[in-house]
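The block underneath contains the structure these notes are about, expressed in structure tokens.
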């Protein structure tokens, strides 16, 4: 069965721009979480969606937002990009959000 | 609140020797605990998980971990290292309850395997 698919794999943006990343979960999984991975801060939780509702949110500024569609696919958006937003963004899906999570390969965002 | 401490940032072993990656956790509630592996430029792969059943958990590729509540530890072991085990390993805690999706990651342990 297909895994978690994240698109695009790589992205280069300029400071001040905005970006949208996409995540398609494993079929049947209704929980989608997003994480930011950087060498300095490690892996940090951004937010979690379940059945189109945000259930949990990490400590990131409001420039980071997300949504989930009725087919469980999720997008995250970062507005007014800063150099510090350069990171690997990982998406993970789970049946209901309480057990093991399956991660995608990530989107590598570089802000120049 | 919950936290995870991986006691070694780097571990180096020879192929065929045992692997021990150490993890201590802190959680207000009975947690679920996981070990994930990340190969270079790849996503995270689940090795094993503990969810309050058996304290000795067997995972993929010969890895196992033992949950010790009294020591708040969840160390990862493998009897014999293989070159393909070289990667970064993350110990992860997720509390039971309503903290949906909010996994807390350790800082990671880079495992190097020498021929």
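Residue numbers (this note's numbering), protein chains in the order written: chain P, 102 to 213; chain V, 972 to 1086.
Here a beta-carbon is modelled for each residue, glycine too, at the ideal position from N, C-alpha and C.
Here the structure is a predicted model, which is why all the values come from computation and not from measurement.
Endpoints, the beta strand (DSSP E) within which residue i is located
i: residue 177(P); result: 175 to 179
i: residue 978(V); result: From DSSP, residue 978(V) is part of no beta strand (DSSP E); its letter is neither H nor E.
i: residue 990(V); result: 990 to 992
i: residue 143(P); result: 143 to 151
i: residue 1019(V); result: 1015 to 1021
Proximity test, Cβ basis, 8 Å: residue i and chain V
i: residue 202(P); result: yes
i: residue 223(P); result: As shown, chain P starts at 102 and ends at 213. That puts residue 223(P) outside it, with no answer to give.
i: residue 163(P); result: no
i: residue 207(P); result: yes
Residue of the options minimising C-alpha distance to residue i
i: residue 999(V); options: 1064(V), 984(V) and 1079(V); result: 1064(V)
i: residue 196(P); options: 122(P), 113(P) and 131(P); result: 131(P)
i: residue 116(P); options: 138(P), 183(P), 211(P) and 209(P); result: 183(P)
i: residue 202(P); options: 163(P), 126(P) and 140(P); result: 126(P)
8 Å Cβ cutoff, residue i in contact with chain P
i: residue 973(V); result: no
i: residue 1027(V); result: no
i: residue 1020(V); result: yes
i: residue 1017(V); result: yes
Cα-Cα separation between residue i and residue j, rounded to whole angstroms
i: residue 972(V); j: residue 1074(V); result: 12 Å
i: residue 171(P); j: residue 1024(V); result: 34 Å
i: residue 1054(V); j: residue 986(V); result: 6 Å
i: residue 213(P); j: residue 187(P); result: 9 Å
* Which residues, in order along the region 135 to 156 of chain P, keep a beta-carbon less than 9 Å from a beta-carbon of chain V? -> From the region 135 to 156 of chain P, only 135, 136, 138, 143, 144, 145, 146, 148, 149, 150, 151 and 156 have a Cβ closer than 9 Å to chain V.
* Asked: Between the region 104 to 128 of chain P and chain V, which residues of the former have a C-beta closer than 9 Å to a C-beta of the latter?
  -> Hits within the stretch, in order: 104, 105 and 107.
* **Members of the region 1003 to 1014 of chain V near chain P, C-beta cut-off 9 Å** => The residues in question are 1003, 1005, 1007, 1009, 1012, 1013 and 1014.
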